[in-house]
Amino acid sequence: MASTSTAKKFKSDYSESVCGYIHNVSALKTSLRTGYKFFNAEFQVNRDECHDVVVFAVEKRTAFVQANRNQSPVKLDRIARRVSKNGSEYDIHCGTCTAISVVADLGYPFKSPSLKLKTIAEVKTMAPKQNVAAVQVKAVHVGSGSETASINGVPVDMQTCYVADHTSRMKLSLWETQVGALVHNKLYEITNVCTREFEGEFYLTATRFTQFKEVAALSAPAINTPFTVEEGEITVVTGEISGVEVSIRRCCIKCRAWQADFNSKAKFHRCVKCGLLQKILNFLPTVTAKVSVSGDFGEDEFKLCNSVLRHHLEEEGLCNLLLDAQNVEEYLLEMGVCAFKLQKSVVIALSKVELDKVEAEAEPEVLVGEAASLLEGEMESLFEEFAESEVLVAETVLAEANSLLDQQVESSETSLPSESVKH
Ligand SMILES: [Zn+2]
């Protein structure tokens, strides 16, 4: 956080001008808190100096994209400078009053800003709740199961991983559709993660804008010091599901808002938050189940989280069942004997058991799993961060920008990650 004295350095009335080149124009984004739309870009004001730009006037995006594509030198009139959240001196804020015009030669060439790659050691010196543009790391530990928590009645999946580069090692939390995105010992470039501090532990958390790209090599080999995560024993319980309650909730692919009164048999649905009418498939299902299981051990009740159920349905090629909760309930009741893989009393995998294999499967399997199970309170705040983090940059100025916003403008674009990240 910058100090107030730095903040006073900048005028707040959109009266300044700046010349340079536009880079990296983002897709349109929607603030989860206010529903307002905006986009980001970078502005090269010198040979080697770039600043982040936030534009609260979506109709200007075409001009930004064109200036970027044509590598045109431009002048932005009536902008405001704000203290940067990323360590550079300032960010540039544009509103509906901002004008963009092409100017003559700037005296320095158009040069794409390099990705602000940080080492893990550098990340560890940052403040909490800061965006980290990119790290290149090795996945040195991948949690064997996803943890689950109930947040405002909505179950959320989380997975704990550890990543390392040549400087240090750090914990990284993954959420929902990101669970399973990392494979142990593989190398990745991970973009748009967020620093986090909770109860004295400093680590990284993925946001809804985080992307994982596998890379062939790191600039230097990742540290290889002995490293173990104390993990729970995994046991397998077999039995038949005798009672089941499945609930399916859906969130908007555009703004991630949870939907009420969703009719999955309709062709379209209008998002309760962003107001966009969209095809039913644009509302991503999150499925959870409560099951009663009877077996040799007696009777027990388990909760099945989204990643466990989805993973199983994907393996069986039955994702189409997710259109209707009762379809899933009927399928579970007719599964016959199932194996529930448990770690710390949490089901981490579900599979069908062929009857003649029941004996062989019954032997408990001892593997390593996750260490400390997280407090629900932490889950909640982490998930909020997952949902809100990208908006942080914008939130600080939204109040003053609100009056400038044109809420009527709609767009078919989205900056949300696709649902391609899977087990
Ligand atoms: Zn929406």
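Residue 128 is where the sequence shown starts when you use our numbering, and the numbers rise one by one after that. For glycine and all other residues, C-beta sits at the position ideal for the given N, C-alpha and C. Please read these numbers as outputs of a predicted model, since none were measured by experiment.
Can you grab the Cα-Cα spacing for the pair Asp292 / Ile317, in whole Å? Counted from its first residue, the sequence shown places residue 292 at position 165. Counted from its first residue, the sequence shown places residue 317 at position 190. Going by the C-alpha atoms only, they are around 12 Å apart.
Three-state secondary structure (DSSP) of Ala387: For the purposes of this step, residue 387 is identified with residue 260 of the sequence shown, where counting begins at 1. In the structure shown, Ala387 sits in coil (DSSP, three-state: anything other than H, G, I, E or B).
Span separating the alpha-carbon of Phe555 from that of Glu341: Limits of the chain in this structure are 128 at one end and 550 at the other, which puts residue 555 out of reach.
Tell me which same chain residues have a C-beta within less than 8 Å of the C-beta of Glu428, skipping the five on either side of it? Position 301 of the sequence shown, counted from the first residue, corresponds to residue 428. Result list for Glu428: Lys417, Val418, Ser419, Val420, in chain order.
Just reading off the alpha helix (DSSP H) that His293 is part of, what are its end residues? Numbered from 1 along the sequence shown, position 166 holds the residue referred to as residue 293. No alpha helix (DSSP H) contains His293, which DSSP labels as neither H nor E.
As assigned by DSSP and simplified to three states, the class of Glu461: Translated into the one-based positions of the sequence shown, residue 461 becomes position 334. Residue state, collapsed to three classes: coil.
DSSP-derived helix/strand/coil call for Arg160: As a first step, residue 160 is located in the sequence shown; it is residue number 33 there, counting from the start. Here Arg160 sits in coil by DSSP.
Bounding residues of the alpha helix (DSSP H) (the contiguous stretch that carries Ile247): Locating residue 247 in the sequence shown gives position 120, where the first residue counts as 1. Taken as a continuous stretch (DSSP letters only), the alpha helix (DSSP H) holding Ile247 covers 247–250.
Outcome for His150 when other beta-carbon atoms lying within 10 angstroms are tallied against a minimum of 16: Start at 1 with the first residue of the sequence shown, and residue 150 comes out as number 23. Result: buried.
May I ask you to list the residues that DSSP assigns as paired with Asp423? If you number the sequence shown from 1, residue 423 lands on position 296. Asp423 is not bridged to any residue.
On the three-pair Cβ rule with 8 Å, is the segment 251–258 touching the segment 174–186? no
Give me the DSSP bridge partner(s) of Gln470. Position 343 of the sequence shown, counting from 1, holds the residue named residue 470. Bridge partners of Gln470: Ile361, Val473.
Got a sec? Which residues, its chain only, sit under 8 Å from Ile247 by beta carbon, not counting five neighbours each side? On the sequence shown, residue 247 is found 120 positions in, with the first residue counted as 1. Closer than 8 Å at Cβ, skipping near neighbours: Val262, Val264, Val290, Ala291, Asp292, Thr294, Ser295, Arg296, Met297.
Please report the residue range of the alpha helix (DSSP H) in which Thr322 lies. For the purposes of this step, residue 322 is taken as the residue at position 195 of the sequence shown. First-last for Thr322: 314–325, but that is the beta strand (DSSP E), not the alpha helix (DSSP H).
Determine the burial state of Ala198: buried for a count of at least 16 other Cβ atoms within 10 Å of its Cβ, exposed for fewer. The residue you call residue 198 lines up with position 71 of the sequence shown. Per the sequence presented here, residue 198 reads as Gln, with Ala not at that position. The residue is exposed, with fewer than 16 neighbouring Cβ atoms inside 10 Å.
Does the Cβ of Lys156 lie closer than 6 Å to at least one heavy atom of ligand 3? No copy of ligand 3 appears in this structure; the ligands present are ligand 1.
Below 8 Å CB to CB, which residues in the same chain sit around Lys313 once its five sequence neighbours on both sides are set aside? As a first step, residue 313 must be located in the sequence shown, where it is residue number 186. Cβ within range, chain order: Lys265, Ala266, Glu341.
Going by other Cβ atoms of all chains shown within 10 Å of its Cβ, with 16 needed for buried, is Thr322 buried or exposed? Counted from its first residue, the sequence shown places residue 322 at position 195. The residue is buried, with at least 16 neighbouring Cβ atoms inside 10 Å.
Considering only residues of the same chain and omitting the five flanking positions on each side of Phe395, which have a CB-CB separation below 8 Å? As a working note, residue 395 is residue 268 in the sequence shown. Closer than 8 Å at Cβ, skipping near neighbours: Leu404, Gln405, Lys406, Ile407.
So the candidates are Lys471, Gln338, His268, Val455; which of them puts its Cα closest to the Cα of Thr352? What you label residue 352 is simply residue 225 of the sequence shown in a count that begins at 1. That would be His268, whose Cα lies nearest to the Cα of Thr352.
In the DSSP assignment, what are the bridge partners of Asn167? As a first step, residue 167 must be located in the sequence shown, where it is residue number 40. Bridge partners of Asn167: Val181.
Do Lys164 and ligand 1 come close, with the Cβ less than 6 Å from some heavy atom? In the sequence shown, counting from the first residue as 1, residue 164 sits at position 37. Checking the Cβ of Lys164 against ligand 1 gives no.
Please go through the same chain and pick out, in chain order, the residues whose beta-carbon is closer than 6 Å to the beta-carbon of Leu309, but skip the five residues on each side of it. Taking the sequence shown and counting its residues from 1, the one referred to as residue 309 is at position 182. Ala266, Val269, Cys288.
Any heavy atom of ligand 1 closer than 6 Å to the Cβ of Cys378? Residue numbering aside, residue 378 sits at position 251 when the sequence shown is read from its first letter. Every heavy atom of ligand 1 is 6 Å or more from the Cβ of Cys378, so no.
In the structure shown, what three-state DSSP assignment does Ile350 receive? Working through the sequence shown from its first residue, we reach residue 350 at position 223. DSSP places Ile350 in coil when its eight states are reduced to three.
Buried or exposed by the 16-neighbour rule on C-beta atoms within 10 Å, applied to Val455: Within the sequence shown, residue 455 is the residue found at index 328, counting from 1. It counts as buried.
Would you grab the beta carbon distance between Val259 and Val320 for me? Rounded to a whole angstrom, and I think it's under 8 Å. The residue given as residue 259 occupies position 132 in the sequence shown. The residue given as residue 320 occupies position 193 in the sequence shown. Indeed, because the Cβ distance is near 5 Å, the residues count as touching under 8 Å.
Delimiting residues of the beta strand (DSSP E) encompassing Ser434: For the purposes of this step, residue 434 is taken as the residue at position 307 of the sequence shown. From DSSP, Ser434 is part of no beta strand (DSSP E) but of the alpha helix (DSSP H) over 433–442.
Helix, strand or coil at Ala129 according to DSSP, with G and I counted as helix: The residue you call residue 129 lines up with position 2 of the sequence shown. At Ala129, the pLDDT of 42 sits below 50, so the modelled position is not reliable and the matter cannot be decided from this model.
Whole angstroms are fine: how far does the CA of Ser391 sit from the CA of Asn76? Here the chain comprises residues numbered 128 to 550, so residue 76 is not present and cannot be evaluated.
Pick from Cys379, Arg437, Thr413: whose alpha carbon is nearest that of Leu159? Numbered from its first residue, the sequence shown carries residue 159 at position 32. Measuring from the Cα of Leu159, the nearest candidate turns out to be Cys379.
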